[in-house]
Amino acid sequence: MSTLETDTDTTPNLLVCYASSEGQTERIARRMADVLSSAGAHVTLADVSEPLPSLDVGEFDGVILGASVHAGSHQRSATRFVRANRSALEAVPSAFFSVSLTAAYDDPEDRAPAREVLEEFLESTDWNPDETATIPGALAYSQYSRLKRLLMRFIAGRAGKDTDTSRDYEYTDWEDVERFARSFATQVA
Ligand SMILES: Cc1cc2nc3c(=O)[nH]c(=O)nc-3n(C[C@H](O)[C@H](O)[C@H](O)COP(=O)(O)O)c2cc1C
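This is the structure we're talking about:
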C-alpha cells in the first residue's frame with residue numbers, strides 16, 4: 001500500500017526584512033511581524049544589512065521590506081537585496097515601506113519628497129511591490145554623533161519638528177503600521 005502525501009499546511013510563510021541605521025525601521029518591521037504572526041502566519045524577520053547565506057527568498061509566500069532614508073536615499077543593503085532577489089519578489093505579494101523624517105512633516109506638500117524618494121528606490125531597483133508606504137520615523141538624538149545631532153537639529157527646526165536634543169522623538173503612527181501589516185496579510189490570504 002502506498003501512502004499519498006498531501007501538503008495540508010496552509011499557514012503562509014512570510015518574510016519581513018529591513019535595513020535600519022538607528023533602529024526605527026527595525027522596530028516598525030518587528031511590529032509588522034508581530035501583527036502577521038498574530039494573524040496566523042509563520043514569519044521570518046531578517047536584517048538585510050547582515051549576511052544572510054541561508055535565506056532563500058523564493059521559499060516565502062510574501063515579503064515585506066522596509067528601509068530608512070538618510071541624506072536623500074535608502075540603505076545600499078536594501079538596494080542590493082532587491083536587485084539580488086527581484087524575480088523572487090515579483091513572484092509573490094510584496095510590499096515596501098520607507099521610513100523618514102520627511103514623512104512626519106505636517107504639511108502634505110512638505111511630505112511629497114518622502115514619496116519621491118520611495119519611487120526613486122523602486123525605479124532604481126526595477127521592483128513593483130503590491131503595496132508601498134512612507135512611514136514617519138524618529139529623531140534619535142541620543143544616538144547621533146555631535147555633528148549629526150547639530151545637523152538633524154537644524155533640519156528638524158526648519159521643519160517645525162523637535163529640537164531639544166536632550167531626548168529622542170518618535171513620530172511613527174503605530175496604528176498605521178499595524179493597518180499596513182493587516183492589509184498585507186489580507187493580500188497574501
Ligand atoms: C544623518 C541622517 C540623515 C538623514 N537624512 C534624512 C533625509 O535625507 N530625509 C529624511 O526624510 N529623513 C532623514 N533622516 C531621518 C531618518 O530617516 C529617520 O531618523 C528614520 O527614523 C531613521 O530610521 P532608522 O532608525 O531605521 O535608520 C536622516 C537621519 C539621519 C541621522
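Okay, so the sequence shown: first residue is 1 according to the UniProt record's numbering, each after it adds one. Positions of the beta carbon are idealized from the N, C-alpha and C atoms, including for glycine.
V117 - containing alpha helix (DSSP H), residue span: In the DSSP assignment, V117 falls within the unbroken alpha helix (DSSP H) covering P108 to T125.
Rounded distance between the beta-carbons of A156 and T134, thought under 8 Å: About 18 Å; that fails the 8 Å criterion.
A29 and V43 closer than 8 Å at C-beta: No, they are not a contact pair.
Segment limits, beta strand (DSSP E) that includes S68: Looking at the DSSP string, the run of the beta strand (DSSP E) that includes S68 is G62 to H70.
Of the residues S142, V117, L15 and R167, the one placed nearest A71, counting alpha carbons only: Taking only the C-alpha atoms, the option nearest A71 is V117.
Length at least 4, wholly inside the stretch 27–104: the alpha helix (DSSP H) runs in chain order: Runs of the alpha helix (DSSP H) inside the stretch 27–104: 76–90.
Cβ-Cβ distance between S21 and Q75 below 8 Å: In contact: S21 and Q75 (Cβ atoms closer than 8 Å).
L147, buried or exposed, once every other Cβ within 10 Å from all chains shown has been counted against 16: L147 comes out exposed.
Host alpha helix (DSSP H) of A156 (start-end): In this chain, the alpha helix (DSSP H) harbouring A156 covers R146 to R158.
Bounding residues of the alpha helix (DSSP H) (the contiguous stretch that carries E175): Taken as a continuous stretch (DSSP letters only), the alpha helix (DSSP H) holding E175 covers W174 to V188.
Backbone secondary structure at Y18 - three-state DSSP: In the three-state scheme derived from DSSP, where H, G and I count as helix and E and B as strand, Y18 is classed as strand.
Cα-Cα separation, M1 to V57: Confidence in M1 is poor, its pLDDT being 40 and thus under 50, which makes the residue's placement unreliable; the coordinate value appears in the next sentence. So the two alpha carbons sit approximately 37 Å from each other.
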